[in-house]
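Colleague: The numbering used here applies: residue 336 is where the sequence shown begins, and numbers increase by one.
Here you go, one structure.
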Amino acid sequence: MEIDKSILTQLCSHKKELSDLRRRKEDNDREIERLEDKGTVVSDSVTCGKKGKKPLGTKRITGFPMPEYEKRLRYKRIYSNMLERQITRLDKEITEAEQYIESIPDSRIRRICRYRCLDDSLSWGQIARRMGHPHTAESCRQAFEREIGIRK
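Following this line, the structure appears as structure tokens:
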């Protein structure tokens, strides 16, 4: 089974996209809670009519912001659906990436690929420290790029 090497470069980006989507959903959920807790958050003063240029009086109106609340509920459904699809896609891509990494015959390259793609996109310096003494950030980067054939 041939696995597309570019999956390794996309994996880190997909993980970040997933965490961003989770953050957006949480922000939206907090906004919904705020709207529900506060209750009457919209208020305005209106004039009751005019006699010439003078207003006859003003009234204060308060109410629940239904359009905003409904918009937030719509976003909640959208973000939930997007998250579900992203998680499914990410699980599939992680499995494919792990299969590809396991198929690499060189243990050194396998470790570098795991650190870079599966361990939350460590920096090249962090990877070099985990790899041990003779490794440098540049040597790890070059070995990775030689293996997958694209720049990351």
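We put the CB at the ideal spot given by N, CA and C, even for glycine.
Which residue or residues does DSSP assign as beta-bridge partners of K386?
Modeller: Beta-bridge pairing links K386 to K389.
Colleague: Going by DSSP, which residues form a beta bridge with S380?
Modeller: Its beta-bridge partners are R395.
Colleague: Should C383 be labelled buried (16 or more other beta-carbon atoms within 10 Å of its own) or exposed?
Modeller: Label assigned to C383: exposed.
Colleague: Use the C-beta contact count for L457: other C-beta atoms within 10 angstroms, 16 or more gives buried, fewer gives exposed.
Modeller: Buried.
Colleague: If we count the other Cβ atoms within 10 Å of its Cβ and call it buried at 16 or more, is R365 buried or exposed?
Modeller: R365 should be labelled exposed.
Colleague: Using the three-state DSSP reduction, which class does K340 fall into: helix, strand or coil?
Modeller: Three-state DSSP puts K340 in coil, outside helix and strand.
Colleague: Assuming K343 contacts I483 (C-beta within less than 8 Å), just tell me the rounded distance between them.
Modeller: The question names Lys, but residue 343 is Leu in the sequence shown. 5 Å between Cβ atoms; contact.
Colleague: L353 and L408: beta carbons closer than 7 Å?
Modeller: Not in contact: L353 and L408 (Cβ atoms no closer than 7 Å).
Colleague: With 16 as the cutoff for other CB atoms within 10 Å, does N363 come out buried or exposed?
Modeller: Buried, by the Cβ-count rule.
Colleague: Just to check my reading of the structure: K360 and S415 have Cβ atoms closer than 8 Å, yes? What is that Cβ distance to the nearest angstrom?
Modeller: Right, their Cβ atoms sit about 7 Å apart.
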